[in-house]
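These notes concern the structure reproduced below.
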Amino acid sequence: MIPLSWFLVFSAGLFSIGLFGVLARKNAIAILMGIELMLNSVNINLVAFWRYRGLDGIAGQVFAVIVFAVAAAEVAVGLALFISIYRRRNTIAADEIDLLKW
Amino acid sequence: MSTETIIWLLPLPPLLAFFLIVLFTNRSKALSHTIAVGAALLSWLGSMIVFWRVLQVEKLGENPFVYNINWMPLGNSWFRIGVQIDPLSAAVLFFVSWTILMIFIYSIGYQNYGQPKGDHDRPGLAPHGATVTDEHGHTHVVPSIEPLYSRFFAFLGLFAFGMYTLVVSDNLLTLFVGWEIMGLCSYLLIGFWFAKPSARAAAIKAFITTRIGDVFMLLGIVYLYSQVGSLNYREVFYDPEVLHRLATTPTGFLGFSTAGLIGLLLFIGAVGKSAQWPLHVWLPDAMEGPTPVSAMIHAATMVSAGVYMSIRIFPLITADWHGHALTPAMTVMAFIGAFTALFAATIAVAQNDIKRVLAYSTISQLAYMIAALGIGAYVAAAFHLVTHAFFKALLFLGSGSVIHGVEHGVLHTGEHVDPQDMYNMGGLRKKMPITFWTFLIGGFALSGFPILTAGFWSKDEILSDAFQHGHWAVFLALAIAALLTAFYTMRQITLTFLGQPRSESARHAQETPWTMTLPLVVLAVMAIISGWVGIPEGFPVLSLFVKNFFHEFVAGTLLEGPAPVLFHPVPLLTSLVVALGGLALGWWVYRDIPAGAPDPLQVRLGSLYTVLKNKYYFDELYDFLFVRPSYWVAETFTSLWMDRTVIDGILHTVAAVTITIGNGFRNYFDKPIVNGFGDFIGENTKKLGGIFRTVQTGRVQQYMILALVSIAGFSALFYYLLVFGR
Chain A
1 MIPLSWFLVF SAGLFSIGLF GVLARKNAIA ILMGIELMLN SVNINLVAFW
51 RYRGLDGIAG QVFAVIVFAV AAAEVAVGLA LFISIYRRRN TIAADEIDLL
101 KW
Chain B
103 MSTETIIWLL PLPPLLAFFL IVLFTNRSKA LSHTIAVGAA LLSWLGSMIV
153 FWRVLQVEKL GENPFVYNIN WMPLGNSWFR IGVQIDPLSA AVLFFVSWTI
203 LMIFIYSIGY QNYGQPKGDH DRPGLAPHGA TVTDEHGHTH VVPSIEPLYS
253 RFFAFLGLFA FGMYTLVVSD NLLTLFVGWE IMGLCSYLLI GFWFAKPSAR
303 AAAIKAFITT RIGDVFMLLG IVYLYSQVGS LNYREVFYDP EVLHRLATTP
353 TGFLGFSTAG LIGLLLFIGA VGKSAQWPLH VWLPDAMEGP TPVSAMIHAA
403 TMVSAGVYMS IRIFPLITAD WHGHALTPAM TVMAFIGAFT ALFAATIAVA
453 QNDIKRVLAY STISQLAYMI AALGIGAYVA AAFHLVTHAF FKALLFLGSG
503 SVIHGVEHGV LHTGEHVDPQ DMYNMGGLRK KMPITFWTFL IGGFALSGFP
553 ILTAGFWSKD EILSDAFQHG HWAVFLALAI AALLTAFYTM RQITLTFLGQ
603 PRSESARHAQ ETPWTMTLPL VVLAVMAIIS GWVGIPEGFP VLSLFVKNFF
653 HEFVAGTLLE GPAPVLFHPV PLLTSLVVAL GGLALGWWVY RDIPAGAPDP
703 LQVRLGSLYT VLKNKYYFDE LYDFLFVRPS YWVAETFTSL WMDRTVIDGI
753 LHTVAAVTIT IGNGFRNYFD KPIVNGFGDF IGENTKKLGG IFRTVQTGRV
803 QQYMILALVS IAGFSALFYY LLVFGR
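For the record, the sequence lines run as chains A and B.
Per our numbering, the very first residue in the first sequence carries number 1; after that it's consecutive.
Per our numbering, the very first residue in the second sequence carries number 103; after that it's consecutive.
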């Protein structure tokens, strides 16, 4: 059986890729995709820990499902915001959306 | 309605009329005078009902109508005010209501209701006349209506309210309130033609002179209250213990007892209000007002109020007297009364203004009453008060009618003569028959024409009292004054009505409208019959038919009613001689004065006449003694020295010091320290903000990096603390 640590390393790699995407990409949609990656890496962790450590309940699975739902809602809101920004400013480059600048 | 309700309501209608006219109806002259006369009529009706019911009561003096209510809380008791009708106030109420009603009606005619508007009349001046064209195309100048017609009736209403309040009140405080309301109204009405400087001056003079008396009266009221703790007539004047205590408490002031001093202070109020010497100077000048006002002030209300109050406080003045030697306060009253009676009568002899003669005659007649009170002739004073009110109101209204008639002539002819100067009149009896006959009745009543007129009975009673109680000086002074009274009255009648007209205006004089002659007729009737209620017992023939009703009625007001003065031939003969002699002399001296001739007395008396003509120079004396020093004090002392030098100096110094201190604080404390501190904080906060704001780039990803770095940092910290911090 594959040991738990493999899952954790995979998940950490996935999280790092997502984080890089969030921090380094210009395109707002790419940033959103990075966030999805990070959320999913967390899901992997949750399910993995459930499988190896907490078999007497279904809390880990339920948690993962709730994270899916929240992620889906967040993407819906985020995309709507980007479309709105694109309509007004004709761009979705993250460093050009700087209305809160000093 | 119950008698109580009616008595309470008596003063109300004129007050309502005042407010209605002032607030709502002053634009409509007809409505205004209807309201005013209606109010006077209501009060008159109420007074008559009250008077009628009062007559039904046996021994009214012991059981008067008294009703009072709690008014002002005083610690653990109440100050009560209320109304009272005893025989004295009933008698006063009777003549007051009649004369007030007559004066109200008379005012309609006197202020030319129904006449056209004047050509160039101004509010505050007597109307100058209007030019009208009749159907034949002739133009005439006729009297024009008073511009401030409604205002006049409003003031009259307030005046009447004051008098009714004074008469029905049962304590000295509400009496004083009515008293002061009348003082105000007399000021307003004397100065009714306020655009005339002389009227303004007269109004101020009247107000200030009576004010002097009022201040003393207020002192007396306060003194009385502090001694007795009540101002109610019943509790002060009808309580033998209180009176005795007051009479036996010395004050240490010239040997007066407390009762005497209080009485004297109150009496000074009456001296001012009833224009007795030495405060008589305002009353002749008050003739500047319209004639109904003169009648109102001099006959029916204000000056009578002074005597009425003196009669009220009679128990106080005579406390512990019991018919022996006069108390000091009584002596003062007797002296002032007798002196003023004679003094004013002599001045009246030399006056040419028809109203001024009457003014001095009023002073003289009021002095009769004061003198009568001074010698203890309580009932006689009250009796003369009643009869005098009727015939003096009649005479004033009659003189107003004469002036009105002559003014008509002045307007008609365009002559420039004074319509009040008797030397411009003469022969008016044919032009103005009603005025003549009523004036004659009034004049004869004033002179004391025997048997027929009211003045004879009342004056005779005073003389008789003085004679029989042995007050010779008073008797003599009053007898001479009576002679002079008859003389100047006949002089006035002769100059005005008899002989030939001495000016074109008098030739064209005209009888006045019915609104003016009707009151004259009513008052003339009163001037005759009001004397018949007081025919002394023992008078030959007449006393068999009529009892001395008045004495029985009014004497009951006192605790121990004085015995009626019996008939005695000497005073009767005296009054017969002085009345008839004075009348005859007056007629004989003045029977045939041609136009432009000097007064016969001027020829005979020479410089004495000049002194009389100038009223013993009292105006000049007061001017020198009081008026000019007051001006001097006001201008030189108070204004220049006290105000501008001392007070202004102090103020300016204080201001300069304050400004210096303030500048110091501003320059050395406020600006550098307080402001500096505030600015320092503000500026530095701004600078710091300027540095820190560059953190806010607005880029989401930078914020995220910052968040990541912070989390990493904190994680490291926590890890360190958890692992190595133990």
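The beta carbon of each residue, even a glycine, is placed where N, CA and C say it ideally should be.
These figures come from a predicted structure and were not determined experimentally.
Buried versus exposed, by CB contacts within 10 Å (16 or more), S246 of chain B: Taking the first residue of the second sequence as position 1, residue 246 of chain B is located at position 144. S246 of chain B comes out buried.
Any C-beta of chain B under 8 Å from that of V67 of chain A: Numbered from its first residue, the first sequence carries residue 67 of chain A at position 67. With 8 Å as the cut-off, V67 of chain A does not count as an interface residue toward chain B.
Where L14 of chain A meets chain B, residues with beta-carbon distance less than 9 Å: Here residue 14 of chain A is taken as the residue at index 14 of the first sequence, counted from 1. Neighbours of L14 of chain A on chain B: none; closest Cβ ~17 Å, over 9 Å.
Chain A contact for V802 of chain B (CB, 8 Å cutoff): What you label residue 802 of chain B is simply residue 700 of the second sequence in a count that begins at 1. With 8 Å as the cut-off, V802 of chain B counts as an interface residue toward chain A.
Any chain A beta carbon closer than 8 Å to I807 of chain B: Indexing the second sequence from 1 puts residue 807 of chain B at position 705. Yes, contact with chain A.
Cutoff 8 Å: A94 of chain A Cβ touching any chain B Cβ: Numbered from 1 along the first sequence, position 94 holds the residue referred to as residue 94 of chain A. With 8 Å as the cut-off, A94 of chain A counts as an interface residue toward chain B.
Residues of the segment 20-35 of chain A with Cβ closer than 7 Å to any Cβ of chain B, in chain order: V22 and L23
Close beta carbons around L548 of chain B, own chain, < 6 Å, minus the five adjacent residues each side: Position 446 of the second sequence, counted from the start, is the residue given in the question as residue 548 of chain B. Contacts found: F493, G557 and T591.
DSSP-derived helix/strand/coil call for R224 of chain B: Counting from 1 along the second sequence, the entry for residue 224 of chain B is found at position 122. R224 of chain B: coil per DSSP, three-state reduction.
Contact between the segment 14-23 of chain A and the segment 806-821 of chain B (3+ Cβ pairs under 8 Å): Yes, since at least three Cβ pairs between the segment 14-23 of chain A and the segment 806-821 of chain B fall closer than 8 Å, the two stretches touch.
Rounded distance between the beta-carbons of G226 of chain B and F296 of chain B, thought under 8 Å: For this step, residue 296 of chain B is matched to residue 194 along the second sequence. For this step, residue 226 of chain B is matched to residue 124 along the second sequence. Sure, about 5 Å apart at Cβ, within 8 Å.
Outcome for N650 of chain B when other beta-carbon atoms lying within 10 angstroms are tallied against a minimum of 16: Taking the second sequence and counting its residues from 1, the one referred to as residue 650 of chain B is at position 548. Using a 10 angstroms sphere on the CB of N650 of chain B, the tally of other CB atoms reaches 16 or more, which defines it as buried.
Proximity of A479 of chain B and D567 of chain B at Cβ, strictly below 8 Å: By 1-based counting over the second sequence, the position of residue 479 of chain B is 377. By 1-based counting over the second sequence, the position of residue 567 of chain B is 465. Going by C-beta atoms, A479 of chain B is nearer than 8 Å to D567 of chain B.
Buried or exposed (CB count within 10 angstroms, at least 16 for buried), D272 of chain B: For the purposes of this step, residue 272 of chain B is taken as residue 170 along the second sequence, with counting starting at 1. Buried, since its Cβ has 16 or more Cβ neighbours within 10 Å.
DSSP state of I171 of chain B mapped onto helix, strand, coil: Along the second sequence, one-based indexing puts residue 171 of chain B at 69. The answer is strand: DSSP assigns I171 of chain B an E or B state.
With 16 other Cβ atoms within 10 Å as the buried cut-off, status of D701 of chain B: In the second sequence, the residue the question calls residue 701 of chain B occupies position 599. It is buried - the Cβ of D701 of chain B has at least 16 other Cβ atoms within 10 Å.
4 or more residues per run - each alpha helix (DSSP H) lying fully within the segment 645-696 of chain B: 651-657 and 671-692
Burial state of T712 of chain B (16 or more Cβ within 10 Å): Taking the second sequence and counting its residues from 1, the one referred to as residue 712 of chain B is at position 610. Result: exposed.
Beta-carbon gap between V338 of chain B and V330 of chain B smaller than 8 Å: The count along the second sequence starts at 1 and reaches residue 338 of chain B at position 236. The count along the second sequence starts at 1 and reaches residue 330 of chain B at position 228. Going by C-beta atoms, V338 of chain B is nearer than 8 Å to V330 of chain B.
Whole-angstrom distance between A611 of chain B and G527 of chain B, CA atom to CA atom: Here residue 527 of chain B is taken as the residue at index 425 of the second sequence, counted from 1. Here residue 611 of chain B is taken as the residue at index 509 of the second sequence, counted from 1. What sits at residue 527 of chain B in the sequence shown is Met, not Gly. Distance between the alpha carbons of M527 of chain B and A611 of chain B: 9 Å.
Reduced DSSP category for S359 of chain B - H, G, I as helix; E, B as strand; rest coil: As a first step, residue 359 of chain B is located in the second sequence; it is residue number 257 there, counting from the start. DSSP places S359 of chain B in strand when its eight states are reduced to three.
Bounding residues of the alpha helix (DSSP H) (the contiguous stretch that carries Q158 of chain B): Residue mapping note: residue 158 of chain B aligns to position 56 of the second sequence, counting from 1. Residues K131 to Q158.
For D721 of chain B, the nearest candidate out of B:L580, B:K307 and B:G264 (CA to CA): Mapped onto the second sequence, residue 721 of chain B falls at position 619. Taking the Cα of D721 of chain B as reference, the smallest distance to any Cα among B:L580, B:K307 and B:G264 is reached at B:K307.
Inter-residue CB distance, T442 of chain B and H382 of chain B (contact presumed, cutoff 8 Å): In the second sequence, residue 442 of chain B corresponds to position 340, counting from 1. In the second sequence, residue 382 of chain B corresponds to position 280, counting from 1. That pair is a contact at about 7 Å.
Enclosing beta strand (DSSP E) for S179 of chain B [first to last residue]: Position 77 of the second sequence, counted from the start, is the residue given in the question as residue 179 of chain B. S179 to I187 is the extent of the beta strand (DSSP E) around S179 of chain B.
Pair within 8 Å by beta-carbon distance, L345 of chain B and P417 of chain B: Residue 345 of chain B sits at position 243 when you count from the first residue of the second sequence. Residue 417 of chain B sits at position 315 when you count from the first residue of the second sequence. Taking 8 Å as the Cβ cut-off, L345 of chain B and P417 of chain B qualify as a contacting pair.
Environment of A575 of chain B [buried if 16+ CB atoms lie within 10 Å]: One-based indexing of the second sequence puts residue 575 of chain B at position 473. With fewer than 16 other Cβ atoms within 10 Å, it is exposed.
Distance CB(F263 of chain B)-CB(F196 of chain B) smaller than 8 Å: For the purposes of this step, residue 263 of chain B is taken as residue 161 along the second sequence, with counting starting at 1. For the purposes of this step, residue 196 of chain B is taken as residue 94 along the second sequence, with counting starting at 1. Contact flag unset, no.
Closest by C-alpha distance to W319 of chain B, when choosing among B:K375, B:W173, B:T360 and B:T351: The count along the second sequence starts at 1 and reaches residue 319 of chain B at position 217. It is worth fixing the name first, because residue 319 of chain B is Met in this sequence and not Trp. Ranking B:K375, B:W173, B:T360 and B:T351 by CA distance to the CA of M319 of chain B puts B:K375 first.
For A232 of chain B, the first and last residue of its enclosing beta strand (DSSP E): Position 130 of the second sequence holds residue 232 of chain B. Run containing A232 of chain B: A232 to T235, per the beta strand (DSSP E) assignment.
For D506 of chain B, the first and last residue of its enclosing alpha helix (DSSP H): Position 404 of the second sequence, counted from the start, is the residue given in the question as residue 506 of chain B. For clarity, residue 506 of chain B is His in the given sequence; the question names Asp instead. Per DSSP, H506 of chain B belongs to the alpha helix (DSSP H) from Y480 to T515.
Where E509 of chain B falls, given that 16 or more other Cβ within 10 Å makes a residue buried: One-based indexing of the second sequence puts residue 509 of chain B at position 407. Buried, by the Cβ-count rule.
Exposure of M398 of chain B, with buried meaning 16 or more beta-carbon neighbours within 10 Å: For the purposes of this step, residue 398 of chain B is taken as residue 296 along the second sequence, with counting starting at 1. Using a 10 angstroms sphere on the CB of M398 of chain B, the tally of other CB atoms reaches 16 or more, which defines it as buried.
Residue ranges of each alpha helix (DSSP H) within the segment 333-378 of chain B, 4 or longer: Taken in chain order, the complete alpha helix (DSSP H) segments of 4 or more residues contained in the segment 333-378 of chain B are 335-339, 342-350 and 360-375.
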